[in-house]
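Peer 1: To convert, note that position 250 of the sequence shown is 251 in this note's numbering; the numbers rise steadily by one, no gaps. Where is the CB? At the ideal position from N, CA and C, for every residue including glycine.
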Amino acid sequence: MILLKPILAIESSCDETGIAIVQPPNHLLVSLVASQVQEHARFGGVVPEVASRNHFLTIDPLFHQALAQAKIKVSDLGGVVVTSGPGLAPALLVGASYAKGIALGLQIPYLAVNHLEGHLLSPFFLEKQIPHHLALLVSGGHTQLTEVRKAGEYNLLGATQDDAVGEAFDKVAKLLGLPYPGGIEIDRLAKQGNPKCYDFPRAMMEKGNLNFSFSGLKTSVRYFLEKKTDHGKKQLSQQELKDLCASFQEAVITVLIEKVKRAAELKNLNCIGVSGGVAANSALRVALKNLCDAQGWKLHLAARELTGDNAAMIAFAGMHRLLAGERTAISQEIKPQWQISF
Ligand code: KG4
Ligand code: ZN
């Protein structure tokens with residue numbers, strides 16, 4: 002009986018290998034994430050083939066470590082769910098092939114899960130009901146506002162037209178000579194900087210617009226930096242660097258908060274869910290809390306350990322579908338461009 006057996010979840014869409022095992026209906030037995038960040042840092046970004054190779058080397062030992070920590074045997078598993086897109090094709094292939102091998106070998110149900118759905122539902126991790134709410138997803142690959150009517154019913158309201166917000170953090174960090182991934186570094190430095198020190202542009206703020214654009218902001222930081230350092234001849238002082246990080250972050254957060262407010266008012270929603278790697282940003286978390294407190298809205302922030310890529314969120318998104326009888330044919334291929342607006 003699949004309902005009683007633990008479910009294995011696998012995530013490998015980018016540069017983290019994730020393995021989680023959940024015991025339905027609501028018990029997480031284990032969630033392990035092996036990050037390849039150091040492997041990609043020397044290239045200044047994720048290299049798909051390097052990611053693929055690292056998933057390949059990591060996935061089997063990580064799976065066995067997860068089984069040991071969950072204190073179960075392979076044969077105890079009742080189903081497998083895996084991220085099949087969107088993401089980097091060579092990276093997705095490793096997780097999907099591994100998951101298919103286990104499902105075929107054990108003759109247990111197999112289900113492809115959308116990575117974005119994993120993020121979107123993560124603020125409600127292991128909760129019984131997903132309320133009708135507005136979801137802000139901010140990660141390295143995506144920036145979007147979605148009306149979530151319930152699990153499985155998604156209406157895309159706005160998205161970035163160029164860079165994702167995490168990508169903007171990483172590119173600006175690179176300009177500033179900070180290590181990859183830069184979001185966390187900017188977050189750290191910004192805490193000691195003045196967010197009002199420099200005025201950077203806020204794009205697409207005209208009435209009714211729910212889309213985003215961050216590439217102009219990144220370019221304006223580049224021009225500012227060239228001027229301030231006389232094209233690299235001078236160095237920024239430590240305080241200037243901190244002020245610059247704080248001011249850039251302030252520009253990003255102002256836009257995100259304004260668009261969340263607009264979208265929630267437009268759709269008459271009083272519940273906000275926030276997910277994705279950038280949802281770990283301390284100043285963004287405070288700004289969202291202030292907004293929701295002022296409006297009397299309920300805020301669901303994904304727990305910090307669930308903001309970055311992980312398999313626990315894939316388990317949660319896939320488990321309900323699997324228990325409801327949904328299956329994916331083993332012959333179905335990965336979908337690197339898979340979107341989820343219906
Ligand atoms: O969700 P995620 O792990 O991967 C994708 O699915 O894209 O997000 C990674 C992104 C990176 O761009 C990283 O710089 C950013 O999240 N990030 C942050 C913070 N922590 C991670 N950005 C701003 N502040 C942070 N504290
Ligand atoms: Zn992600």
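1. Relative to the C-alpha of Thr59, which candidate in Val82, Glu12 and Ala104 has its C-alpha closest?
2. Nearer than 6 Å: is that true of the beta carbon of Pro182 relative to any heavy atom of the ligand KG4?
3. On the three-state DSSP scale, how would you describe Gly80?
4. Please check the pair Ala264 and Leu135, which I expect to be a contact at CB under 8 Å, by giving their CB distance rounded to whole angstroms.
5. Is it right to say Thr329 is buried, meaning 16 or more other beta carbons lie within 10 angstroms of its own, or is it exposed?
6. Name the one or two DSSP bridge partners that Ala160 has.
7. With distance defined between alpha-carbon atoms, name the residue in Phe57, Val82 and Leu176 nearest to Tyr224.
8. Let's see if you can read the secondary structure: which residues bound the beta strand (DSSP E) around Gln340?
9. Can you tell me whether Val173 is helix, strand or coil according to DSSP?
10. For Leu63, report the span of its alpha helix (DSSP H) as first-last.
11. So Gln24 and Pro7 are in contact, right, with Cβ under 8 Å, and what is the actual spacing, rounded?
12. Closest to Phe170 by C-alpha separation, out of Arg322, Gln108, Ser140 and Gly80, would be which residue?
13. Exposed or buried, what is Asp61 when buried is set at 16 or more other beta-carbons lying within 10 Å of its beta-carbon?
14. Measure the C-alpha to C-alpha separation of Lys234 and Glu251 and round it to an integer number of angstroms.
15. State the beta-bridge partners of Gln24 as determined by DSSP.
16. Reducing DSSP to helix, strand and coil, say where His41 ends up.
17. Rank Val75, Ala113, Leu107 and Phe44 by C-alpha distance to the C-alpha of Trp339 and give the top, closest one.
18. Is the segment 74-94 touching the segment 310-321 in the sense that three or more CB pairs, one from each, lie closer than 8 Å?
19. Could you check whether the Cβ of Ser140 sits closer than 6 Å to any heavy atom belonging to the ligand ZN?
20. Any heavy atom of the ligand KG4 closer than 6 Å to the beta-carbon of Ala281?
21. Unbroken beta strand (DSSP E) runs of length 3 or more, entirely within the segment 91-154: which are they?
22. Enumerated in chain order, which unbroken segments of the alpha helix (DSSP H) with a length of 4 residues or greater are wholly contained in the segment 232-296?
Peer 2: If we stick to the structure as given:
1. As a working note, residue 59 is residue 58 in the sequence shown. Minimum Cα distance to Thr59 is reached at Glu12.
2. As a position in the sequence shown, residue 182 is number 181, starting the count at 1. Yes; taking the cut-off as 6 Å, the Cβ of Pro182 has a heavy atom of the ligand KG4 nearer than that.
3. By one-based count along the sequence shown, residue 80 stands at place 79. If DSSP states are grouped into helix, strand and coil, Gly80 belongs with the strands.
4. Translated into positions along the sequence shown, residue 264 becomes position 263. Translated into positions along the sequence shown, residue 135 becomes position 134. 5 Å between Cβ atoms; contact.
5. The residue you call residue 329 lines up with position 328 of the sequence shown. Buried.
6. On the sequence shown, residue 160 is found 159 positions in, with the first residue counted as 1. Gln145.
7. Residue mapping note: residue 224 aligns to position 223 of the sequence shown, counting from 1. Among Phe57, Val82 and Leu176, the Cα nearest to that of Tyr224 is on Leu176.
8. Taking the first residue of the sequence shown as position 1, residue 340 is located at position 339. No beta strand (DSSP E) contains Gln340, which DSSP labels as neither H nor E.
9. As a first step, residue 173 is located in the sequence shown; it is residue number 172 there, counting from the start. It is helical.
10. Against the sequence shown, residue 63 aligns to sequence position 62. Per DSSP, Leu63 belongs to the alpha helix (DSSP H) from Pro49 to Ala71.
11. To locate residue 24, count along the sequence shown from 1; it is residue 23. To locate residue 7, count along the sequence shown from 1; it is residue 6. Confirmed, Cβ separation roughly 5 Å.
12. For the purposes of this step, residue 170 is taken as residue 169 along the sequence shown, with counting starting at 1. The residue with the shortest Cα to Cα distance from Phe170 is Ser140.
13. Working through the sequence shown from its first residue, we reach residue 61 at position 60. It is exposed - the Cβ of Asp61 has fewer than 16 other Cβ atoms within 10 Å.
14. Taking the sequence shown and counting its residues from 1, the one referred to as residue 234 is at position 233. Taking the sequence shown and counting its residues from 1, the one referred to as residue 251 is at position 250. Looking at the two C-alpha atoms, the distance is approximately 27 Å.
15. The sequence position of residue 24 within the sequence shown is 23, counting from 1. Answer is His28.
16. Sequence index remark: in the sequence shown, residue 41 carries index 40 (1-based). Three-state result, His41: helix.
17. The residue labelled residue 339 in the question sits at position 338 within the sequence shown. For the residues Val75, Ala113, Leu107 and Phe44, the minimum Cα distance to Trp339 belongs to Ala113.
18. yes
19. Here the question's residue 140 lines up with position 139 in the sequence shown. Yes, Cβ of Ser140 sits closer than 6 Å to a heavy atom of the ligand ZN.
20. Translated into positions along the sequence shown, residue 281 becomes position 280. Yes, the ligand KG4 has a heavy atom inside 6 Å of this Cβ.
21. 111-115, 134-139 and 144-151
22. 239-268 and 283-296
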